[in-house]
Each structure stands twice: as C-alpha cells, then as structure tokens.
Amino acid sequence: MFEQLSGRMSKVFEGLSRGERLSEGDVTEAMREVRLAMLEADVALPVVRSFVSKVKERAVGGEVLDGVSPGQAVAKIVNDALIEALGGAGAVPLNLSAPAPVPYLLVGLQGAGKTTTAGKLALRLASRERKKVLLASLDVQRPAAQLQLQQIAEQVGGRTNGLVTSLPIEQGQGPVEIARRALDTGRREGFDIVILDTAGRLAIDEALMDEVRQVRDVAKPVETLLVVDAMTGQDAVNTAQSFKDQIGLTGVIMSRMDGDARGGAALSMKAVTGEPIKFTGSGEKMEALEEFHPERVAGRILGL
Amino acid sequence: FVKRQLDDETLEELEDELIAADLGPAVAGRIIEQFREKSFGEHITPEEIRQTLAAEISRVLEPVAQPFELDDSRKPHVVLVVGVNGVGKTTTIGKIAHQYHHQGRSVMMVAGDTFRAAAVEQLQIWGERTGSPVIAGKPRGDAAGLAYDGLKRATEEKADLLLVDTAGRLHNRQALMDELAKIIRVMQKFDPSAPHSVLLVLDATTGQNAIEQVRAFRELVNVSGLVVTKLDGSARGGIVVALAEQFRLPVHLVGVGEQAEDLRPFSAEDYARGLVGDAKAE
Ligand SMILES: Nc1nc2c(ncn2[C@@H]2O[C@H](COP(=O)(O)OP(=O)(O)OP(=O)(O)O)[C@@H](O)[C@H]2O)c(=O)[nH]1
Ligand SMILES: Nc1nc2c(ncn2[C@@H]2O[C@H](COP(=O)(O)OP(=O)(O)OP(=O)(O)O)[C@@H](O)[C@H]2O)c(=O)[nH]1
Ligand SMILES: [K+]
Ligand SMILES: [Mg+2]
Ligand SMILES: [Mg+2]
C-alpha cells in the first residue's frame, strides 16, 4: 500500500543492512519526500513542518529489521502518524445530547457547500435517527439562497415523510432575527434539531464575522460545523484559525471529496482547530455524506 | 531601510511564502532558483527583494494577462461559463452582464444550470439587477436544448452578448463532462462558430487541484480563458502562476467580491505583487 512513498524513501536508505539504526541524516532526507508529497496534497506548510518533525523523532534510531525495508518501515510510521493526526480510528458522531430543539450552526467560506450539507445532514438525521429537523437559511446575502434551502428541504422532506421542513421565508429579516424565529418555531412545533445555514463569508470580513458571532450568541449551537472544500489550498490554515478564534468550532465537514483533490486541507483543518472532521461530502446528491475515515484520507494525502 | 544580504536563509523564507500562496513546491522552487541566480549575495532592502521577486513572477504572468474582449462581428458573442461546483460561475456571469450593460450593450443570459436547487432563480435575480433578460426552462430540463433556444432568441433579438451559465461539475465526473460537450454540440447546430468564448472559472482558494481542473476542462471543451474569483479573501491564488507556466491560457478577469462591480481585468503586475505581498523579507 505504501509502495510509491516507501519506494521513493528506499532510495535514501539504500545500503543499510540488518541491525543498523536509521541515522538522523538518512531520515531527514527521507522526510523531504514526505514534505513534498504533503505540499503537493495541499497540506499547509506550517502543518507539514510540525508533522515532519514529529515523525522524524519517531523514525530516527529505528532498527533495520528482517523482511521490511527501511523505506517501508518509515512509510508505515508516516502513515500511522498521519491517521493519528487526522483523528485516529473511528468517526466522531454529531452531538445530540441536549434539550430539543438541538441547534446546529453551519459556517464557512463562500461556495464551500454549506447549504447542500445542511440538506444532507437533515436527511441523515431524519432517516437514520428519526429526528424531526428544521432547516433555516440565515443567508440574506446570496441571491436566492433562502429559496435554495427551501427547495432542498422540500426534496428531503418528500423522502422522509415530512420529517424535514424549512422555516418559512420572511423578507426583510436579518440573520439574528431569523435565528430567533427558527428556534422559536423549533420549540413550538416540536422539532428535535434546528440546522442554521449561514451566508458564506470570508474570515477577514469583520462585519460578517461579527454578525455570525451574534447569531451564535442567540442560538447557542451545540455543534458549530465549519464546511470546507476538499480542494482548498494553503489558505485552509487561515480559514480554520479565524473561524475557530472568532466563532468557536465543534467540528469540520469536508465537502467535494468526490473530486480528485488529494485533500491535504483535512490535515490542516484538524491540526489548527483540534476538532474532529465529522463527515465528508461526496457528491451533490443529498445522500452523498459519509462519516470521516482517517485511514482513507491519509492514503490519499500521501498519494498512495 | 536596513540592507540585507540575499542569502540562503532569506531565499528559503521567500520560497516558503510562495508555497504558502499556493504556487506549489515545484514552481516556488523554480522561481526562487531563478531569483537566486540573478540576485544572490547582493545587498538589497526587503522592499527591493519584494519588488524584484514580484517582477520575476510578473514576467511569468504577463503573457497570459489578456483582457476579455467582445467580438463585435458576432451578434451575439456567445460566452459559455464552466467550472467545478461553487467557484463563482453564476456570480461572474452577473458581474460580466453588469459591466457590459453599463457600457450600453445588450446582454442576455441562459440559466443553463437546470440541476442545482434555485440556480435558475439565482441567475434571474442577477438578470433583474443588471437589466438583462434571462432565458430559463423547466427544472431538471435539458440544458443543451435550453442553450439552443437561448442562442436562437438572442440572435433574433440581435443581442451583443449571450452568457450561458452551466451547472457546477467536477472535472473527474465523465457523465457530467459529456453533458457539457453536448451543450456545445447542440449550440453549434444553430451557429457552428458558437460558443465564441469558453470561460473556466477558478476559485483562488483552490490549491494544486486547479491544475487538474484546467487539464480536464481544456481537454473536453475548448477553454479560451480563465477567471479567478474570491481574490478578496486571504487566499492569494498562487496556483495561477503554475497554470500560466503549464497551459498558457489567457487569464481575463478576477473576482474581488460578491457584488456586481467586483470584477477586474487581470493584471500581471498587481497579481504578482499580491502574491509576494506579505513576504517576510525583513
Ligand atoms: N461534487 C460535489 N459538489 C458539492 C458537494 N457539496 C456541495 N456541492 C456543490 O457545491 C456547490 C455549492 O454548494 P452550496 O451548498 O451552495 O455552497 P454554500 O457554502 O452554501 O455556498 P454560499 O451559500 O454561496 O456560501 C453546489 O453546486 C453544490 O451542489 C460535494 O460534496 N460534492
Ligand atoms: N468573496 C467573494 N465571493 C464570491 C466571489 N465570486 C462568487 N462569490 C460567492 O461564492 C458563492 C458561490 O458563487 P456562485 O456564483 O453561486 O458559484 P457557482 O460556480 O455558480 O456555483 P454552482 O453553480 O453551485 O456550481 C456565492 O456565495 C458568491 O456570492 C468573489 O469574487 N469573492
Ligand atoms: K487575496
Ligand atoms: Mg449557501
Ligand atoms: Mg451557478
């Protein structure tokens, strides 16, 4: 499974024989390959640096064993460390343990996939957990954003015996007002979960970041999920840091994993936020949402 | 300014800055290497370092910095707008419509995304904002047939510009890419020369995958130029340098916000300066 990377690294370790120890020099050189693979996969540079130095520590001094080439051995150390850095084994479920209606807040950059993901989460919660879900769009920025979520809710509602609906659209209300109305409606009409979809915003847009903070203070979300495009490049760290610092996050959802991007942003997200990646999106259809599997994503990042 | 010798350490810092701006490790390395050969050992101020490096990058971008121009011999000039999901295709169409409407041109649009929820209504709002008629069909309808109808109507009405929106599609989804080719084939039944431009929209936050996007779209539809959106964010869009080196496709326009006015011609010099803007060269 690690052939490519271990192959590249094996060249570095050529000439070592059984019983010898991996020297710092050799490992450092092998780690150049790892660094390159990760940068090509869009893992952010500071994240690559700290990962590489951690792995180096583990690998230096390792003994060359029978039957395993040093390249393979180090590739395994890299892969294991990467899985661990991505959150280890096992998906982290959504937090449902709060009095109903449980508020969830979706945030992220423009076009990341928030509105689609809101529908996907609703479908999942309704069909697997039999939850009654209210979808509310707080997006008063993008043309027809509220209508988009309404149409998604109709579609998902039709597939779940009406367990999913959207908050009726009222023109002229701001995001904070809509959030209040959504929670009131959620309480009054016995919804289990209220998902608040927000307008896309740049992390450096102070006015919009301030606005979503106000929404957070009103809604007190049990989950604040950052939706991130799997194709995101180096800027992933800035996005993750700003959203974490300014709003606070409980998890990440990576959209567009059905593309062929290597998805290094996943590692950047996890490293910066410290919060679990809960799901990956794998298409435009409402059922295209999967639990996050660190092993698969690790392999993808390393180009294996 | 304190002059500083352009040494290995400084060069490494600059290289890291370029990598952090999404140029990719290979391109960043190559640019720094060229820079080293020219300036190594010189005593220059951080400001001079920044300027010289920007000039180096600007030279790579200069050949692709080509403004988008309407071909007046076409009535209408048909522009097909393509790209992966969520990059800003529909918004860019709204912005282009705004720009030409402002110049007194007649603009029409085709709501060719018949797939995504409220994609039609989104474009219709842009139509209202910019005073441009939007040709739309039934939800889930055939995008190619709609594009044909739109082209026919725009020709009858002697429009200057017809902007055709398409659904976002990942370049690795063959069925969706084939659908795009079909839109073109069907339009060509009406006008064999259409579309006259195919704009591929790229999101500045995208990393190395943009290379695959350009490769795949270019293979299938004759992409004539690129638009880079979301440059108002903290992402610096360095992948464009790699694209310029590899594909030499014109970069026409950049998006710098969500409003109708937030569209600029691509300037090699400004772009290069943006890329080395925060270079920690002190
Ligand atoms: N291929 C693919 N497309 C997706 C996925 N998730 C969302 N999309 C598409 O990405 C585009 C943008 O999705 P939206 O849900 O509108 O994104 P958003 O974050 O709500 O956008 P704004 O509200 O404008 O900030 C749409 O075309 C979606 O169909 C995914 O996992 N895979
Ligand atoms: N900040 C910023 N946001 C932009 C820019 N261009 C587009 N957007 C936003 O990005 C989001 C997606 O834009 P759309 O125009 O819907 O993208 P699209 O490519 O048509 O999306 P799909 O049709 O779903 O594939 C919207 O929220 C836009 O307002 C830009 O230059 N800067
Ligand atoms: K920028
Ligand atoms: Mg949205
Ligand atoms: Mg669109």
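So the sequences go chain by chain: A and B.
For the record, in the first sequence the residue sitting at position 88 is 77 according to my numbering, with numbers rising by one throughout.
One gets my numbering by counting positions in the second sequence from 1 and adding 22 to each.
Just so it is clear, CB atoms sit at the ideal spot from N, CA and C, and this is done for glycine as well.
Computed from a predicted model, the values in this text were never measured in an experiment.
- The alpha carbon of B/E34 has as its nearest neighbour, out of B/I54, B/I79 and B/G260, the alpha carbon of B/I54.
- Listed by position in the chain, the residues whose beta carbon lies within less than 7 Å of some heavy atom of ligand 4 are A/K103, A/T104, A/D128, A/R131, A/A134, A/Q137, A/D186, A/A188 and A/G189.
- Taking one beta carbon from each stretch, the segment 105 to 120 of chain B and the segment 144 to 155 of chain B have 3 or more pairs nearer than 8 Å; the two touch.
- Listed as beta-bridge partners of B/L184 by DSSP are B/V100 and B/M130.
- For B/A257 and A/G14, the gap between their C-alpha atoms comes out near 35 Å.
- For B/K252, the CB stays at least 7 Å from every heavy atom of ligand 5.
- DSSP, reduced to helix, strand and coil, places B/S289 outside both helices and strands of the structure shown, so it counts as coil.
- For A/D247, the chain B residues whose C-beta falls within less than 9 Å of its own C-beta are L192, N194 and R195, listed in chain order.
- Setting aside the 5 residues that flank it on each side, A/Q135 is surrounded in the same chain by S126, D128 and I158, each with a C-beta closer than 7 Å to its C-beta; the list follows chain order.
- Bounds of any beta strand (DSSP E) do not take in B/T228, whose DSSP letter is neither H nor E.
- A distance below 7 Å between beta-carbons, with the five flanking residues on each side excluded, links B/E78 to the following residues of its chain, in chain order: I53, Q56 and F57.
- Taken in chain order, the unbroken stretches of beta strand (DSSP E) that lie wholly in the segment 164 to 215 of chain B and span 3 residues or more are 183 to 186.
- Looking only at B/F239, B/I261, B/L222 and B/G46, the smallest Cα-Cα distance to A/M27 is reached by B/G46.
- Excluding residues up to 5 positions away in sequence, G105, V106, N107, G108, V109, K111, D135 and R138 lie with their Cβ nearer than 8 Å to the Cβ of B/G190 in the same chain.
- B/K252 reaches chain A at Q99, counting residues in chain order whose Cβ is nearer than 7 Å.
- Secondary structure at A/E73: helix, using DSSP grouped into helix, strand and coil.
- Apart from the 5 residues on each side of it in sequence, B/R295 sits with its Cβ closer than 7 Å to the Cβ of A76 in its chain, given in chain order.
- Per DSSP, the unbroken alpha helix (DSSP H) holding B/I41 starts and ends at D30 to A42.
- Going by DSSP, A/V145 is part of no beta strand (DSSP E) but of the alpha helix (DSSP H) stretching over A134 to R148.
- With contacts defined by Cβ atoms closer than 8 Å, A/T174 and A/L214 do not form a contacting pair.
- CA-to-CA, the gap between B/S219 and B/G229 works out to about 25 Å.
- For A/M220, the nearest beta carbon of chain B is closer than 8 Å to its own beta carbon.
- Below 8 Å, enough C-beta pairs join the segment 282 to 291 of chain A and the segment 64 to 82 of chain A to call them touching: three or more.
- About 11 Å separates the Cβ atoms of A/S257 and A/A219, ruling out a contact at the 8 Å cut-off.
- Neighbourhood of B/D38 in chain A, by CB distance below 8 Å: L34, in chain order.
- For the pair B/L28 and B/S61, the CB atoms are nearer than the 8 Å cut-off.
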